[in-house]
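> For the sequence shown, full-length UniProt numbering assigns the number 1 to the initial residue and increments by one for each residue that follows.
The structure's right below; bear with me while I get my questions together.
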Amino acid sequence: MHIMPASGFSAVSNPSPLQNGEQNNSTDDAESLINKPPDISTHYTIFPETIPVPPPRGSFSISIPDLRREFLRLQARAHPDKYPPGPKKQRAEALSSRINEAYRALSDPLSRAQYILASQHGIDLEAEDGAKDHPQDMETLMRVLEVQETIEEAQDELTVAQLKEENEERINGCVAALGSALDQGNIDEARKECVRLRFWYTIREGLREWEPGKGVRLIH
């Protein structure tokens with residue numbers, strides 16, 4: 001028995017003119033991005049609507065929701081799946097990868113600061129000999145060792161939760177001091193705060209990995 005679709009409508013309908021127009025606009029938008037890509041000379045120039053310039057001309061602090069919205073708009077336009085195999089698809093893949101790289105670096109305060117110091121001031125804290133070239137002050141080192149010992153001695157999740165809260169306060173304070181130093185162009189102070197922030201990030205990772213009876217090894 002042949003069953004007709006309900007209400008007499010055909011099972012497959014043709015796209016409406018509006019849908020066709022939306023698809024064409026999306027394709028045209030993507031084509032324009034590939035044919036005339038954004039300025040990718042720095043992480044900042046990729047997102048001109050959110051963060052046109054780095055500090056001290058701009059602010060270190062940025063709106064992460066605004067950055068993510070601009071990132072998603074760019075990625076939607078540059079998505080490689082919009083293109084058939086060929087040169088345009090390859091350009092889209094390269095652009096998409098570059099947009100991802102910039103977003104990952106700028107969306108986190110530590111990686112953003114490290115990028116600014118390296119690209120604007122030639123200070124590479126992530127280099128293999130970075131710890132030797134940019135040592136931390138003894139007061140911070142002693143504090144880190146104390147916190148590490150406390151983590152290793154922790155016996156319950158309540159203690160670890162308290163340690164996490166305390167460490168997030170240290171991170172927030174450090175990010176604020178780091179941002180202030182960069183905004184004022186005080187690069188030496190920014191470098192010191194960035195090195196300090198790297199320690200607190202290491203503590204954060206150690207606390208995330210904590211398990212009862214399991215030692216925590218923090219690498220500085």
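Ideal placement from N, C-alpha and C gives every residue a C-beta, glycine not left out.
(1) Between the C-alpha atoms of Pro-80 and Gln-136, what's the straight-line distance to the nearest angstrom?
(2) So, are the CB atoms of Leu-207 and Leu-163 less than 8 Å apart?
(3) Mapping the DSSP letters down to three states, classify Glu-157 as helix, strand or coil.
(4) To the nearest angstrom, how far is the alpha carbon of Leu-182 from that of Arg-198?
(5) I'd like to check one pair, Leu-67 with Ile-46: are the Cβ atoms closer than 8 Å?
(6) If we ignore side chains and look at the alpha-carbon of each, how far apart do Pro-212 and Phe-60 end up?
(7) With C-beta atoms as the reference, is Leu-117 less than 8 Å away from Cys-174?
(8) Find the nearest neighbour of Tyr-103 within the set Pro-84, Ile-203 and His-43, judged by alpha-carbon distance.
(9) Who are the Cβ neighbours of Val-160 in its own chain at under 8 Å, not counting the five residues just before and after it?
(10) With distance defined between alpha-carbon atoms, name the residue in Leu-74, Arg-196 and Glu-49 nearest to Arg-143.
(11) Please go through the segment 99–186 and give each complete alpha helix (DSSP H) segment of 4 or more residues, from N-terminal end onward.
(12) Here's the rule: buried if 16 or more other CB atoms are within 10 angstroms of the residue's CB, otherwise exposed. What is Lys-36?
(13) How would you write the range of the alpha helix (DSSP H) that Phe-47 sits in, first residue to last?
(14) Straight-line CA distance for Ala-94 to Pro-54?
(15) Which same chain residues, not among the five before or five after Lys-89, have their C-beta less than 7 Å away from its C-beta?
(16) Buried or exposed, going by whether 16 or more other CB atoms sit within 10 Å of the CB of Leu-72?
(17) Relative to the alpha-carbon of Arg-77, which residue among Ile-64, Ser-96 and Ser-63 has its alpha-carbon at the smallest distance?
(18) In three-state DSSP terms, what is Lys-89?
(19) Going by beta carbon distance, what residues of the same chain come within less than 7 Å of Glu-126, once the five residues before and after it are set aside?
According to the structure data:
(1) If you take the alpha carbons of Pro-80 and Gln-136, they lie about 44 Å apart.
(2) Cβ distance < 8 Å, so Leu-207 and Leu-163 count as in contact.
(3) Reduced to three states, the DSSP call for Glu-157 is helix.
(4) Straight-line Cα distance between these residues: approximately 16 Å.
(5) Result no, Cβ atoms of Ile-46 and Leu-67 do not sit closer than 8 Å.
(6) When the Cα atoms are used, Pro-212 and Phe-60 turn out to be separated by approximately 38 Å.
(7) Annotated as distal: Leu-117 and Cys-174, with beta-carbon spacing of 8 Å or more.
(8) Closest in alpha carbon position to Tyr-103, among Pro-84, Ile-203 and His-43, is His-43.
(9) The residues are Ile-151, Ala-154, Leu-207 and Trp-210.
(10) Residue Arg-196 is the option with its Cα nearest to Arg-143.
(11) Fully enclosed alpha helix (DSSP H) runs of no fewer than 4 residues occupy 109–121, 130–133, 138–153 and 157–183 of the segment 99–186, in order along the chain.
(12) Exposed, because fewer than 16 other Cβ atoms sit within 10 Å of the Cβ of Lys-36.
(13) Careful: Phe-47 lies outside any alpha helix (DSSP H) and carries neither H nor E.
(14) Between Ala-94 and Pro-54, the C-alpha separation is close to 24 Å.
(15) Contacts found: Pro-80 and Tyr-83.
(16) Label assigned to Leu-72: exposed.
(17) Closest option to Arg-77, Cα to Cα, is Ser-96.
(18) Here Lys-89 sits in helix by DSSP.
(19) Excluding sequence neighbours, Glu-126 sits near Gln-114.
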